[in-house]
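Down below is the structure, laid out as structure tokens.
In UniProt numbering, the protein residues as written are 1 to 95.
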């Protein structure tokens with residue numbers, strides 16, 4: 001990569017190729033520490049999906065909390081709250 005006459009590089013980069021070569025190798029992306037997840041970790045060692053799931057479970061926003069309550073149509077949402085172990089769809093009550 002120290003060859004300044006490399007024609008594969010854009011013109012603006014050719015004049016800075018020595019400096020770029022001195023930066024060293026790029027860091028290897030860390031994986032999410034959730035077992036079986038193959039995504040790259042970005043937030044506190046978790047991928048975006050697992051970070052969002054953890055945040056909704058242990059630090060929910062008010063908009064997340066409103067989804068866990070019964071709404072005015074009489075539906076109870078099962079599997080949405082942080083204490084639930086199963087993920088199922090909405091259930092009708094009282095019919």
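Note that CB positions come from ideal geometry on N, CA and C, so glycine has one too.
The segment 43-63 makes contact with the segment 23-35, as at least three CB pairs between them are under 8 Å. Contact check for residue 37 against residue 51 fails: the beta carbons are separated by 8 Å or more. In the DSSP assignment, the residues bridged to residue 31 are 40. If the five residues before and after residue 56 are omitted, its C-beta is found closer than 6 Å to the C-beta atoms of 64, all from its own chain and listed in chain order.
In terms of CA proximity to residue 34, 54 leads the group 16, 12 and 54.
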